[in-house]
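Before any comments, here is the structure.
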Amino acid sequence: MPSPDPSAPARPPAPRAEADLDTLVSAAVRLVAELPARRPVVGVLGGPQHLEQDRPAAVADALDNRGIRTLQCGPVPAAGRRHRSPGDAPAPAVHLLLHAGGSPAEPALRTAALWGLPILTARPGPGGGAPTAPAGPYGHRRPVIGIRLPGGGVDLAVRQAAVACLRPHSGPAHLLLDNEKVTSPAHRELCIRLTPDGLLHVDGAFAARRVSRVRYARPWGPHRLDIDGTPTHEVRTPLKFEALPGRLHVFHP
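Numbering-wise (the working numbering), the sequence shown opens with residue 9 and increments by one.
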């Protein structure tokens, strides 16, 4: 099969892609009309610079043409970036975030939770469709995992977190699961994921638990903290994890 010609002009967006963008724009217009701000601003999230930026730009242009003010808020902050306080990573002066696609939705959801802003994104599922969902934009609140790092740093996960010891020979880990004390061998990774009812499912070298809070401590050695499946921090302990119900406010068209 011949290689594609890099000098060939880019193909226009597929009809389905254009329809998806139109659906997002129409939903954003309806949501903006319900916001209490006098002149709402929509923050259009882009992805990492190596990913396609045409979709966020097209959405911003379409909203501008409808008289809605927009602000480009990309790229989405990397998962390893620390957010110690609002002054350290302030939220942009917008009232609604919009993830236009062209990059994975999960980092955008995490960004919205970190900034405490509602976000409009495509419906989950094949082709973005959700046959049982109500017509028009609808919203729901989702829990996230709050993570407190040593020294006062704060991070969030929207799906799962994991802790792996980088020096497993240096002694067991001590955990506090709500009010229950548990020890775990250093070589066993600790996995924490959100349950549908907003609790933390904790799995290690012990019977799995469903709790609201976790404290993880080991007296020696560095650890790797993974957020939503991506290695993000090399940290010392203690680490604290907490289920934060309703922290993420998501809208779908």
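Even glycine gets a Cβ: it sits at the ideal position worked out from N, Cα and C.
What does a CB cutoff of less than 6 Å around residue i pick up in its chain, not counting 5 residues either side in sequence?
i    : result
G212 : S192, R196, L198
K248 : R156, R223
L43  : H103
E250 : G154, R221
R255 : A121, V152
R77  : V49
A170 : E197, C199, D234
Do you know how far the Cα of residue j is from the Cα of residue i?
i    : j    : result
N73  : A130 : 21 Å
G147 : H260 : 6 Å
R46  : R38  : 15 Å
V152 : D69  : 32 Å
L252 : N187 : 18 Å
L53  : P145 : 18 Å
C173 : L202 : 22 Å
A215 : K189 : 13 Å
L128 : V67  : 12 Å
T240 : P126 : 24 Å
A236 : R217 : The question names Ala, yet the displayed sequence has Asp at residue 236. Whole-angstrom Cα-Cα distance: 19 Å.
V34  : A65  : A small fix is needed here, since residue 34 is Ser in this sequence, not Val. In a straight line, the C-alpha of S34 is about 16 Å away from that of A65.
A41  : G75  : 12 Å
P204 : A113 : 19 Å
Please return the same chain residues whose Cβ sits closer than 8 Å to the Cβ of residue i, not counting the five positions on each side in sequence.
i    : result
G137 : With a pLDDT of only 43 at G137, under the threshold of 50, the placement of this residue in the model should not be trusted; the figure read from the coordinates follows. So the qualifying residues of the chain are R131.
Can you give me the Cβ contacts of residue i inside the same chain, cut-off strictly under 7 Å, excluding the 5 residues immediately before and after it?
i    : result
P100 : G51, L79, C81
P180 : T191, S192, P193, A194
P246 : P158, R223, Y224, A225
W123 : A99
Determine which residues share a DSSP beta bridge with residue i and list them.
i    : result
L247 : Y224
L185 : E188, V222
E242 : R232
H107 : L53
C199 : A170, D211
V152 : L252
V258 : I127, H148
A36  : According to DSSP, which records beta bridges pairwise, A36 is partnered with nothing at all.
D28  : In the DSSP output, where bridge partners are listed per residue, D28 has none listed.
L157 : Answer is none; L157 lacks a bridge partner.
T78  : V50
A165 : I153
R217 : V210
I'd like to know whether the C-beta atoms of residue i and residue j end up nearer to each other than 8 Å.
i    : j    : result
V243 : L183 : no
A121 : L32  : no
R63  : L29  : yes
V219 : L185 : yes
A27  : L71  : no
V49  : R150 : no
Answer with yes or no whether the minimum CB distance from residue i to chain D is below 8 Å.
i    : result
G179 : No chain D appears in the structure shown, which is made up of a single protein chain.
Review point. Can at least three beta-carbon pairs, one atom from the stretch 108–124 and one from the stretch 161–169, be found at a separation below 8 Å?
Key: yes
Check your understanding: Should the stretch 227–245 be called in touch with the stretch 202–209, which here means at least 3 C-beta pairs below 8 Å?
Key -> No, they do not touch.
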